[in-house]
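At position 160 of the sequence shown (counting the first as 1) the number is 143 in the working numbering, and the numbers step up by one without a gap.
Taking it in order: structure first as structure tokens, then the write-up.
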Amino acid sequence: MRALVTRLNRPVVAIVAVTILAAGLRFVHLSHPDGYVFDEVYYPKAACILLGWSDETCTIDPGDEHYWREKKWDVGSWVHPPLGKWEIAMGIKAFGMNEFGWRVSSAVAGTAVVLLTAVMAQLLFGSAIWTALAGLLMAVENLNVVKRHRRPRPMKDASRMGQTQIQPGGVFDLAAAVDVSNVMVVCPACNRATRVGYEFRESKGRTEKVRVCRRADCHEVLDR
Ligand SMILES: [Zn+2]
-16 MRALVTRLNR PVVAIVAVTI LAAGLRFVHL SHPDGYVFDE VYYPKAACIL LGWSDETCTI
44 DPGDEHYWRE KKWDVGSWVH PPLGKWEIAM GIKAFGMNEF GWRVSSAVAG TAVVLLTAVM
104 AQLLFGSAIW TALAGLLMAV ENLNVVKRHR RPRPMKDASR MGQTQIQPGG VFDLAAAVDV
164 SNVMVVCPAC NRATRVGYEF RESKGRTEKV RVCRRADCHE VLDR
């Protein structure tokens, strides 16, 4: 056991592990949800235009979007610089004008960020544990995004800015910890994730309430 821990406590193991976790979280079911999500109505179409593909393939509307294609080589996001659109275009070039194609570059970049963060932590601290932790935090960032209602509040140091001195209130999307209730218990007897049931069992002449595995063919006590 000690030998195993020593073998796993290496920077390269930490870096590879967090990178695999990050890649899994980013690439699995990448094509879901179907269709354009939020500003995907702009950037994939712009990327498709950069590739020189047809209005039909790029799903350009015949009306105003075609007008902007003629004028600006874009459908509405020409105010943004082109590098990111070229990156999206690479994915579309490789995998086609579909959900996977226009998202794969983001998944690659997001995974690379985790890899580079882990490498940077290793260079800074020289410790596999800190490397794993830094990579882990980056890998699971924004896994659980929650809505928070916030009232307007004064901004710090606003007396040195040319703006009104209030941070506007509203509904904000914030990253939060994943609630423990989203995790299932793994039964020590049958080694499967299970819901928790309660039963009364006789133990040393007393009746005790115990937690049991809810799997039909198991029903073993969970805590021993
Ligand atoms: Zn079980």
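A virtual CB, placed ideally from N, CA and C, is assigned to each residue, including glycine.
Note that this is a predicted model, so its numbers are computed, not measured.
Beta bridge pairing from DSSP links His132 with Val154.
The three-state reading of DSSP puts Pro27 in helix, counting H, G and I together. When secondary structure is reduced to three states using DSSP, Ser110 falls in the coil class, being assigned neither helix nor strand.
From the listed residues Arg197, Ala111, Arg86 and Ala159, the smallest Cα separation to Val24 is found for Arg86. Annotated three-state conformation of Pro(-6) is helix, per DSSP. Relative to ligand 1, Arg9 has its C-beta separated by 7 Å or more from all heavy atoms. The DSSP assignment places complete alpha helix (DSSP H) segments of no fewer than 4 residues inside the region 0 to 79 at 26 to 33, 47 to 55 and 66 to 78, in order along the chain. Each residue's CA atom was taken as its position, placing Ala90 and Asp206 some 40 Å apart.
Residue range Arg189 to Cys196 is occupied by the beta strand (DSSP E) that includes Val193.
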